[in-house]
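For the sequence shown, counting from 1, position 131 maps to 942 in our numbering; every step adds exactly one. In this text, a Cβ means the ideal position worked out from N, Cα and C, and glycines have one as well. In this text, all values refer to a predicted model and were calculated from it rather than measured experimentally. I have placed the structure first, in the form of structure tokens, so that the comments after it can refer back to it.
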Amino acid sequence: MKLQRSLNLYDSISLMFSSMVGPGVFITTGYILSQIPNPNLALFCWILGGFLAVAGAMSYAKSASIFPYAGGDYVYLKEAYSPIVAFSSGWLSLSVNFSASISLSAIAFSKTLLSLLAPALDFYYIEAKFLGITFSLGNAQIIGISTILFFTIVNFFGIGIASRIQNFFTTFKILGLVAFVVLGLTIGNYDVGNFESFSLIPSEPKEWGFLLAGVIPVTFSYLGWNMITYVAEEVKDPDKNIYKSVLISCSLVTLLYVLINFLYLSSAPSQLLAGDEKIGVTAAGFLFGKEVKLLVTAFICWVFMGGISAYIIGGSRIYFAMARDGFFFPSMSKLHPKYHSPYKSLVFQFAYACLFCFVKEIESLLYLITCSTLLLATITAYTPIIFEKKHLKTEFKIPGYPYSTYLYILFNILIISSLVWSRPAEALWGLGFTLLSVPMYFYFKNTKPRHGSKGFTAPEILPDAPVVSLLPENERIPVVSGNRN
């Protein structure tokens, strides 16, 4: 049984947009200002982050056009490098990236909801510190877990109903964010004078280091630019719609983020905003008055819920692809006979994601996710170059390619280095999850059925050999998706 191609261009843009516009834009600028007190440089971080998101997404899109199947970078890394590298990507998506992102969005939602309804109820029953990260149990965790359960149940009934609900969230999200920008620029109490006393570019060597530190939380805020590659097997006309959805959604999000953060940074002096993890609500109060904070807080809760839904859709397909390939529990590859959803992957994802809900500090989850994500994104971005060397090409041309890809890889290395220096505890956790992929790979490899498997095969792709896909039932690569020159 195969996944069905049921996502049109708007569905794809909706999924991409909603997965990218999550909690980051409403919380991370406060963290950035604690690293960079210069609002001009803080805004530049968002511009640079958008460029990196577009460069990375287009590199992924080239690979997705050749292999338009569920699993995203898991599939590309297996084709380009080896099964163990692919497994590492899938393992990190399962063990950290998607699961922790679901939890982060859920906890951010619950904390924002409690601040709206009953701030006094946002307290913890127990908490303890382990390896530099504080774990806790409180009302925010209970509400967050309940929210994850709700959206898991929605996705159980298939991609059709899940995408319709996702479109509903995304439509109002777009309208709300556009309204915030338009009203902020027309009637908001913003003051460009908050930028004037600061330099436009780094004037000292240490400020370049601050700039890299500031890009770290921005990188998290743009995560989700590769979401469409995880559901590529369910996209209609993938050759056209994958590229269009990537380019349109990334460009829109970059423009939106820059305008929103211009309003944040011009709403008040940077020293009043530095370190504020609810900077979206705080800035709205400065821009429009305290009476609108209630409405803005409710809207931010709406955005968080849309992000949770998008992460659940994309993440469950990772576990499905790994299990179908024989490198995860076989039951995770099963689709529901009626709803065609990877229902067992959804159940597993729910249970595992709930564990990250017990991390007390949202900022800790943010840095942990960023570190583990960039490690594999760096080598995944290089896969289209490897495919070209194997004579697997696509008709789509990326402006500035391959230099844009090399620049993306270089910046990733610099950001990871900065993260290790500034947040060693979170970097250690991210590295630990990465290294854990090695024993887990050999465990599943040794328990993988030797006969009768319907998973991927692994023939070597030779220059003069016919193109054979390493995908279900040994399907050939469609001519319209990947051409051999």
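Less than 8 Å between the C-beta atoms of T1302 and S900, yes or no? The structure shown does not extend to residue 1302, since the chain is modelled only from 812 to 1296, so the question has no answer here.
Contact between the stretch 1033-1044 and the stretch 1242-1253 is defined here as three or more beta-carbon pairs at a separation below 8 Å; is this criterion met? no
If you drop the 5 nearest sequence neighbours on each side, which residues of the same chain put their C-beta closer than 8 Å to that of G1263? Per-residue confidence for G1263 stands at a pLDDT of 40, beneath the threshold of 50, marking its modelled position as unreliable; the derived number appears in the next sentence. Nothing meets the Cβ criterion.
Per DSSP, E938 is paired with what? S947
Helix, strand or coil, according to DSSP, for K1155 in the structure here? Taken through DSSP and simplified to helix, strand or coil, K1155 comes out as helix.
By a C-beta neighbour count over all protein chains shown, 10 Å radius and 16 as the cutoff for buried, is V989 buried or exposed? exposed
Leaving out the 5 sequence neighbours to the left and right, which residues in its chain are closer than 7 Å to I858 when beta-carbon positions are compared? V1069
So, helix, strand or coil for L1034, using DSSP? Reduced to three states, the DSSP call for L1034 is coil.
Taking C-beta to C-beta, are P850 and F1031 nearer than 8 Å? In this structure, P850 lies away from F1031, with their beta-carbon atoms at least 8 Å apart.
For V1003, name the three-state secondary structure that DSSP assigns. coil
Under a Cβ-count criterion, where at least 16 other Cβ atoms within 10 Å of its own Cβ denotes burial, should Y1214 be classed as buried or exposed? exposed
Rounded to whole angstroms, what is the Cα-Cα separation between P1049 and L888? 19 Å
For the alpha helix (DSSP H) that P1195 lies in, which residues bound it at each end? 1194-1200
Determine the direct distance from the alpha carbon of D1136 to that of G1308, and round the result to whole angstroms. Outside the shown range of the chain (812 to 1296) lies residue 1308, about which nothing can therefore be said.
What does L818 pair with, by DSSP beta-bridge criteria? According to DSSP, which records beta bridges pairwise, L818 is partnered with V1046.
Apart from the five residues just before and just after D884, which ones in its own chain have a Cβ nearer than 6 Å to its Cβ? S900, T1191
Roughly how many angstroms separate the alpha carbons of A1188 and E1102, rounded to a whole number? 43 Å
What number of angstroms, rounded off, separates the C-alpha of T981 from the C-alpha of P848? 33 Å
With DSSP as the reference, label V832 as helix, strand or coil. coil
What's the C-alpha gap between V896 and Y1252? When rounded, the distance between both Cα atoms is 9 Å.
Ignore the nearest five residues each way along the sequence and tell me which others in S1077's own chain have a CB closer than 6 Å to its CB. Y1001, D1002, V1003, N1005
For M827, three-class secondary structure by DSSP: helix
Name the DSSP beta bridge partners of V1170, please? Under DSSP, V1170 shares a beta bridge with F946.
Just to confirm the assignment, what range does the alpha helix (DSSP H) spanning S910 have? 909-928
Neighbourhood of V1092 by C-beta, 8 Å cutoff - its chain only, sequence neighbours within 5 removed: Contacts found: F837, T923, S926, K1104, V1107, T1108, I1111.
If we count Cβ pairs, one from each stretch, closer than 8 Å, do we get three or more for the stretch 1231-1238 versus the stretch 906-925? no
State yes or no: is the C-beta of L960 within less than 8 Å of the C-beta of F1138? no
S1228 and L903: beta carbons closer than 8 Å? no
Have a look at A1024, Q815, S817, V832 and flag the residue whose alpha-carbon is nearest the alpha-carbon of Y1122. V832
For the structure I just gave you, are there three or more beta carbon pairs, one from the stretch 1152-1171 and one from the stretch 1058-1069, closer than 8 Å? With the cut-off at 8 Å, the stretch 1152-1171 and the stretch 1058-1069 do not touch.
Reduced DSSP category for S845 - H, G, I as helix; E, B as strand; rest coil: Here S845 sits in helix by DSSP.
From Y1033, S1127, V1170, residue whose alpha carbon lies closest to that of T963: S1127
DSSP on D933, reduced to helix/strand/coil? coil
Excluding the five sequence neighbours on either side, which residues of its own chain have a C-beta within less than 6 Å of the C-beta of N819, listed in chain order? K1047
As assigned by DSSP and simplified to three states, the class of R1234: The three-state secondary structure of R1234, taken from DSSP, is coil.
Check for me: the alpha helix (DSSP H) holding G860 runs from which residue to which? For G860, the uninterrupted alpha helix (DSSP H) run begins and ends at 850-877, by DSSP.
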